[in-house]
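Notes follow the structure.
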Amino acid sequence: MAFRRKASPAVSEPDPVAVAGDQSAAEVVSRVNGPWDLSEVSDDSERIDFGALQFPPREGLEVQVQVDQESGQVLFVTAVLGGAAAQMHVFAAPRSHGIWSEVRAEIKVGITASGGLVEEAIGIFGPELRARVPQGPGSTMQLARFIGVDGPRWFLRAILLGEAALPGDGAAAIEEVLRSVVVVRGNEAMAPREQIALHVPGQESGSLIAGIDPFVRGPEITEVR
Numbered sequence: 001m002a003f004r005r006k007a008s009p010a011v012s013e014p015d016p017v018a019v020a021g022d023q024s025a026a027e028v029v030s031r032v033n034g035p036w037d038l039s040e041v042s043d044d045s046e047r048i049d050f051g052a053l054q055f056p057p058r059e060g061l062e063v064q065v066q067v068d069q070e071s072g073q074v075l076f077v078t079a080v081l082g083g084a085a086a087q088m089h090v091f092a093a094p095r096s097h098g099i100w101s102e103v104r105a106e107i108k109v110g111i112t113a114s115g116g117l118v119e120e121a122i123g124i125f126g127p128e129l130r131a132r133v134p135q136g137p138g139s140t141m142q143l144a145r146f147i148g149v150d151g152p153r154w155f156l157r158a159i160l161l162g163e164a165a166l167p168g169d170g171a172a173a174i175e176e177v178l179r180s181v182v183v184v185r186g187n188e189a190m191a192p193r194e195q196i197a198l199h200v201p202g203q204e205s206g207s208l209i210a211g212i213d214p215f216v217r218g219p220e221i222t223e224v225r
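The structure is reproduced here in structure tokens:
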């Protein structure tokens, strides 16, 4: 595997002046403990490079990639640790404000329309969705947590599954993995919600993926046992 060296970021308090718009205190949960932007870390510790996402090596951690068979592009990555998993996508976002609030509302509508159940709660990353998602007509419901993190010109969405689908001890380790992630936005001009390219370690990023709507709950949500 190809490694990129990054350092543990220094802890700093969030700047309240940078809080945009009409976000409530519950909306604005700082990234003081991660996930990190590339600009917030230095260059002297190892990270596994998946393009838009970089992970520090961790014992027992497996990072899987989901590849589109037609285009060969990586759609998302899944971090698996024990019986817990976190599926992650990264998107471009406006410079002036975050998008998790509006995306969260859209996900709630989609889950409800499909016959699922969803409620909003405050977790360690701020507002999150805790859902029971139907896996098909007449099938059982699957538990899932939808996490969103607004960063500088990027938005990270994670779906926590398996033991991480409910907050608590079973979710703690994979939540720590999510906190340790470094997001590489790049300097390219991108439309809001455009997916930032991922790649397999050791390979260069390909073109951005077109024609998919990753903000709608889709078949990528699979159970981790």
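In UniProt numbering, the protein residues as written are 1 to 225.
Using N, Cα and C, we set each Cβ at its ideal position, and we do this for glycine too.
- Residue environment: Ile122 is assigned as exposed (fewer than 16 neighbouring CB atoms within 10 Å of its CB, all protein chains considered).
- Under the DSSP assignment, Val133 falls in the beta strand (DSSP E) whose first and last residues are Gly126 to Pro134.
- Val77 counts as buried, since at least 16 other C-beta atoms from the protein chains shown sit within 10 angstroms of its C-beta.
- Per DSSP, Leu178 lies in no beta strand (DSSP E) segment; the continuous alpha helix (DSSP H) that holds it begins and ends at Asp169 to Ser180.
- DSSP places Val184 outside any alpha helix (DSSP H), giving it a letter other than H or E.
- Fewer than three Cβ pairs drawn from the region 104 to 124 and the region 190 to 200 lie within less than 8 Å of each other, which leaves the two stretches out of contact.
- Going by C-alpha positions, Ser180 is about 14 Å away from Ala52.
- Between Val90 and Trp154, the gap from beta carbon to beta carbon is short of 8 Å.
- Residue range Trp100 to Ala113 is occupied by the alpha helix (DSSP H) that includes Ala113.
- Put simply, of Gln87, Leu61 and Leu38 the residue whose alpha carbon is nearest the alpha carbon of Gly148 is Gln87.
- A distance below 8 Å separates the beta carbons of Ala131 and Gly116.
- According to the DSSP assignment, Glu163 belongs to no beta strand (DSSP E), since it is labelled neither H nor E.
- Here Val133 is buried. Its C-beta has 16 or more other C-beta atoms within 10 Å.
- For Leu38, the secondary structure class from DSSP, reduced to helix, strand or coil, is helix.
- Its Cα nearest to that of Glu175, the residue Phe146 stands out among Phe146, Leu75, Val118 and Gly98.
- Within the region 63 to 96, the runs of beta strand (DSSP E) at least 3 residues long that lie entirely inside it are, in chain order, 74 to 81 and 84 to 92.
- DSSP places Val32 outside both helix and strand once states are collapsed to three, so it counts as coil.
- Taking C-alpha positions only, Glu119 is separated from Pro127 by approximately 10 Å.
- Ranking Ala165, Phe125, Asn187 and Ala144 by CA distance to the CA of Val32 puts Phe125 first.
- Counting along the chain, Phe146 sits inside the beta strand (DSSP E) bounded by residues Met141 to Gly151.
- When C-alpha distances from Gln73 are compared across Pro57, Arg58, Gly82 and Phe50, the shortest belongs to Phe50.
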